[in-house]
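Engineer: Taken in order, the sequence shown gives residues 535 to 721; the numbers are from the working numbering.
Could you have a look at this structure, given as structure tokens, before my questions?
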Amino acid sequence: ASYTGGITGLNYKNISRCSNAASIIGKSYAGGICGRNGINNDLVRSVITDSNNKGSISGDQLIGGIAGENIYSSINGSYNIGSNVTFINYSGGGIAGSNYYGTIDRCYNTAKVSSSLVIGSIGGIAGRTYAGNVTNCFNAGLISSSTKGTIVGAMYYNAVIRYCYSLCPNTYSPNISNQNNGLISGY
Numbered sequence: 535a536s537y538t539g540g541i542t543g544l545n546y547k548n549i550s551r552c553s554n555a556a557s558i559i560g561k562s563y564a565g566g567i568c569g570r571n572g573i574n575n576d577l578v579r580s581v582i583t584d585s586n587n588k589g590s591i592s593g594d595q596l597i598g599g600i601a602g603e604n605i606y607s608s609i610n611g612s613y614n615i616g617s618n619v620t621f622i623n624y625s626g627g628g629i630a631g632s633n634y635y636g637t638i639d640r641c642y643n644t645a646k647v648s649s650s651l652v653i654g655s656i657g658g659i660a661g662r663t664y665a666g667n668v669t670n671c672f673n674a675g676l677i678s679s680s681t682k683g684t685i686v687g688a689m690y691y692n693a694v695i696r697y698c699y700s701l702c703p704n705t706y707s708p709n710i711s712n713q714n715n716g717l718i719s720g721y
């Protein structure tokens with residue numbers, strides 16, 4: 535199913551101090567706390583604060599340890615320590631599969647994030663961020679895919695990564711053909 539989360543499928547308000555330990559399996563927009571945080575409207579801003587995921591998350595696209603997608607919203611002070619985040623294509627991340635005009639701050643991931651195919655972007659914090667901010671975060675989970683960054687898999691349109699670091703065991707391989715790998719961002 536689409537919009538699958540350990541707490542709620544869709545969050546249009548505020549979630550604070552919640553925890554999920556169940557395994558989540560969804561088609562698209564799947565996350566440990568919610569499938570989608572926010573709506574496609576910058577006038578309505580949702581917030582996830584001080585929450586965590588300890589379960590495995592898997593699905594087809596837009597899969598994240600906390601939220602499958604963070605859109606015009608914020609994820610603050612939250613972490614993912616589940617066993618793994620696995621997706622087939624498009625975008626997956628340890629905290630959010632996609633961060634679209636959103637903010638991810640003071641978050642961390644220790645789970646393995648992987649894709650079974652070579653398409654899509656993958657990151658320890660966000661699979662991709664489009665005009666969003668990722669700040670004060672760290673990743674210590676293994677990242678496995680063709681377009682990968684230990685913090686963000688792909689950055690678009692004035693996206694910002696600031697004060698983030700990686701403890702990821704990945705080896706940076708810039709000379710491998712057909713791959714976009716980066717220590718912090720894949721591209």
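C-beta atoms are modelled at their ideal positions from N, C-alpha and C, and glycine is treated no differently.
All of these numbers come straight from a predicted model, not from anything done at the bench.
1) Measure from the alpha carbon of A688 to the alpha carbon of each residue in G675, S632 and G636, then state which is nearest.
2) Could you give the distance in angstroms between the alpha-carbon of Y634 and the alpha-carbon of R551?
3) Note the first and the last residue of the continuous beta strand (DSSP E) segment covering K646.
4) Kindly indicate the opening and closing residues of the beta strand (DSSP E) around Y634.
5) Alpha carbon to alpha carbon, how far is G560 from G539?
6) Output the boundary residues of the beta strand (DSSP E) element that contains V578.
7) Please list, in chain order, all residues of the same chain as S592 whose beta carbon is under 6 Å from its beta carbon, the five residues on each side excluded.
8) Under DSSP, the beta strand (DSSP E) around A556 begins and ends at which residues?
9) With respect to 8 Å, is the separation between the Cβ of Y664 and the closest non-hydrogen atom of the ligand FMN below this value?
10) N575 to A665, Cα distance in whole Å?
11) Going by Cα to Cα distance, which pick from S553, S649, G611 and S580 is closest to L596?
12) Expressed to the nearest angstrom, what Euclidean distance is found between the alpha-carbon atoms of G572 and Y691?
13) Report back the beta-carbon spacing between A660 and V686 to the nearest angstrom; my notes put them in contact at under 8 Å.
14) Which same chain residues end up closer than 8 Å to A556 when comparing Cβ atoms and leaving out the 5 residues on each side of it in sequence?
15) Which residue wins for smallest C-alpha separation from N623, given the options S612, G611 and G602?
Structural biologist: On the basis of the supplied data:
1) Taking only the C-alpha atoms, the option nearest A688 is S632.
2) Approximately 23 Å, taken between the alpha carbons.
3) According to the DSSP assignment, K646 belongs to the beta strand (DSSP E) that extends over K646 to S649.
4) From DSSP, the beta strand (DSSP E) with Y634 extends over A630 to Y634.
5) Using only the alpha carbons, I get a separation of about 8 Å.
6) It is not in any beta strand (DSSP E) - V578 carries neither H nor E in the DSSP assignment.
7) Excluding residues up to 5 positions away in sequence, I559 and T620 lie with their Cβ nearer than 6 Å to the Cβ of S592 in the same chain.
8) Annotation for A556: no beta strand (DSSP E) segment contains it, and DSSP assigns it neither H nor E.
9) Judged by which ligands are present, the structure shown has none, so any question about the ligand FMN falls away.
10) Computed Cα separation, rounded: 14 Å.
11) The option with the nearest alpha carbon to L596 is S649.
12) Cα-Cα distance, rounded: 20 Å.
13) Sure, about 5 Å apart at Cβ, within 8 Å.
14) Excluding residues within five positions, the ones whose Cβ falls inside 8 Å are G540 and G589.
15) The option with the nearest alpha carbon to N623 is G602.
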